[in-house]
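Beneath this line is the structure, given in structure tokens, with notes to follow.
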Amino acid sequence: MMAGKAIDTGSYAIWTIPGKKEWTIIINKDAKNWGTVYSEADDLFRFTVEAESMKPSMETFTMQFANIKPESCELHLLWGTTAVSIPITTSIKEKIRAQVDKALSADKITAGTYQAAANFYYEWDKDYNKALANAAKATEASPKAFYLFLLKARIEKDMGDKVSAKADAEKCIALATEAKNDDYVRQGKELIAKL
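Following numbering that gives the first Met the number 0, the numbering of the sequence shown begins with 0 at its first residue and continues without gaps.
See below:
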């Protein structure tokens, strides 16, 4: 979805008609058109977005993605002292859930599968009980994987179980120290400091 309008996977051209208060955004089906033979008949749809003032100014017309989340982002168009933001959304949560469920029903499940399931339930579904159950199975399957203990500690922290979160963060720190991974040592210490 782009600005609330459905758009299929594919290649498109983005055209704009800048105005002082709003811009017209045109999504055109002819992605190979460099502007010399534009045809309105190839427009998929048009919509308007509010133009906002920005500082500092942007000398070169710039397009960038911002506010990136699992199922949404914004396409920012920046030019001079004007910025416009185009909301883009998608819906892939149910597809991922089906993939996770299928992976968890396999005959042989690895620590990585449990980790992926824990991440999905923790970050996407906010089902902390399922996230914790899968994180626990991941740490059982791979007891030296310091990063799994950090994941488990984060889930426990968000569930309000500070004692378990601290214990698993300490386990992460010990294993990461042994593996000489300073980044996970730091992350484990930061988690403990937030308890």
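No residue lacks a Cβ here, since even glycine has one placed at the ideal position from N, Cα and C.
- DSSP places Trp22 in the strand class (E or B) of the three-state scheme.
- Within the DSSP bridge table, the entry for Cys72 names Ile87 as partners.
- In terms of Cβ geometry, Ala140 and Ala110 form a close pair [threshold 8 Å].
- In this structure, Ala97 lies away from Ala115, with their beta-carbon atoms at least 8 Å apart.
- Nearest to Asp126 by C-alpha distance, out of Ile154, Phe145 and Ala105, is Ile154.
- Gly111 sits in a helix when the DSSP states are folded into three classes.
- DSSP, read as helix, strand or coil, puts Val36 in coil.
- Secondary structure at Ala173: helix, using DSSP grouped into helix, strand and coil.
- Looking at the backbone, the Cα of Ala152 and that of Thr112 are separated by about 18 Å.
- DSSP places Asn180 in the coil class of the three-state scheme, outside both helix and strand.
- Counting only residues of its own chain and dropping the five nearest sequence neighbours on each side, Asn133 has a CB closer than 6 Å to the CB of Tyr113, Ala116 and Ala117.
- Inter-segment contact for the segment 61-74 and the segment 83-90 is present: three or more beta-carbon pairs are separated by less than 8 Å.
- Gln186 is classed as buried because its beta carbon has at least 16 other beta carbons within 10 Å across all chains shown.
- Around the beta-carbon of Phe44, fewer than 16 other beta-carbon atoms lie within 10 Å, marking it exposed.
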